[in-house]
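Accompanying notes for the structure given below.
In the working numbering, the protein residues as written are 62 to 132.
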């Protein structure tokens, strides 16, 4: 089942949207809106990626306190 919605855009945003769709002919307005809504409504859990990259949420020291000496 699909549902149709009406959306009001500013002139500037509508122009940017038109330009984007011209530059990406494989995308439609519907596919673009669905992709963006999916990202906004169901954000990805990036905790595993952050752990893999070595980014830590907490640290015993501030990086400005010669953190290289702690290794």
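C-beta atoms are modelled at their ideal positions from N, C-alpha and C, and glycine is treated no differently. Because the structure is a prediction, the values reported are computed rather than measured.
Write down the C-beta distance between residue i and residue j rounded to the nearest angstrom, noting that I regard them as a contact closer than 8 angstroms.
{"i": "residue 90", "j": "residue 82", "result": "7 angstroms"}
Tell me the rounded alpha-carbon separation between residue i and residue j.
{"i": "residue 84", "j": "residue 103", "result": "26 angstroms"}
{"i": "residue 76", "j": "residue 110", "result": "35 angstroms"}
{"i": "residue 114", "j": "residue 108", "result": "10 angstroms"}
{"i": "residue 71", "j": "residue 80", "result": "14 angstroms"}
{"i": "residue 93", "j": "residue 78", "result": "10 angstroms"}
{"i": "residue 96", "j": "residue 112", "result": "26 angstroms"}
{"i": "residue 74", "j": "residue 68", "result": "12 angstroms"}
Between residue i and the rest of its own chain, which residues show a CB-CB distance below 8 angstroms, the 5 nearest in sequence each way excluded?
{"i": "residue 101", "result": "none"}
Cutting at 7 angstroms between CB atoms, please list the residues of its own chain near residue i, excluding the five before and the five after it.
{"i": "residue 88", "result": "82"}
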